[in-house]
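Numbering (full-length UniProt numbering), first residue to last: 1 to 130. C-beta atoms are modelled at their ideal positions from N, C-alpha and C, and glycine is treated no differently.
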């Protein structure tokens, strides 16, 4: 479960390389809306895109793990600012949002092999004033 905490610590400091260090080479990244991305290269591309469009900090983090250490989950609040318009979404004007979210993980050999993230997109759109 330490790897999940390291992953989120890296997220909160904007350290994409440290996030990548937490992942297996064949990471399966399931985003809330869209296709599954496989591999660290696509994960890096996603993170760079997100960093350009959003400034986010995760708070109120609670992490759960199975006794055998192969699965974990986290619940948290995304505190963000919408910086740059993301394709297909409302125009960015520096809107601030606060959004409950969760992530689910498969863990293998001390690394994250799958991450699936969920949040309420309709709530986010309402908050940024579509």
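Tell me where the beta strand (DSSP E) around residue i begins and ends.
{"i": "residue 107", "result": "96 to 108"}
{"i": "residue 45", "result": "Careful: residue 45 lies outside any beta strand (DSSP E), inside the alpha helix (DSSP H) at 40 to 53."}
Would you kindly report the start and end of the unbroken alpha helix (DSSP H) that includes residue i?
{"i": "residue 3", "result": "2 to 13"}
{"i": "residue 17", "result": "16 to 21"}
{"i": "residue 123", "result": "121 to 128"}
Quick one: measure Cβ to Cβ for residue i and residue j, integer angstroms, because I've assumed they're closer than 8 Å.
{"i": "residue 24", "j": "residue 108", "result": "6 Å"}
{"i": "residue 99", "j": "residue 119", "result": "5 Å"}
{"i": "residue 73", "j": "residue 102", "result": "7 Å"}
Restricting to Cα atoms, I'd like to know which of the options is closest to residue i.
{"i": "residue 83", "options": "10, 117, 53 and 3", "result": "53"}
{"i": "residue 28", "options": "128, 110, 105 and 126", "result": "105"}
{"i": "residue 129", "options": "97, 115 and 55", "result": "97"}
{"i": "residue 18", "options": "5, 26 and 91", "result": "5"}
{"i": "residue 33", "options": "121, 115 and 112", "result": "121"}
{"i": "residue 47", "options": "71, 9, 68 and 20", "result": "20"}
{"i": "residue 75", "options": "63, 114, 3 and 10", "result": "63"}
{"i": "residue 7", "options": "70, 58, 124 and 127", "result": "58"}
Based on DSSP bridge pairs, tell me the residues matched to residue i.
{"i": "residue 111", "result": "108"}
{"i": "residue 77", "result": "59 and 100"}
{"i": "residue 70", "result": "According to DSSP, residue 70 bridges with nothing at all."}
{"i": "residue 175", "result": "Past the edges of the chain, shown from 1 to 130, lies residue 175, and the structure says nothing about it."}
{"i": "residue 65", "result": "72"}
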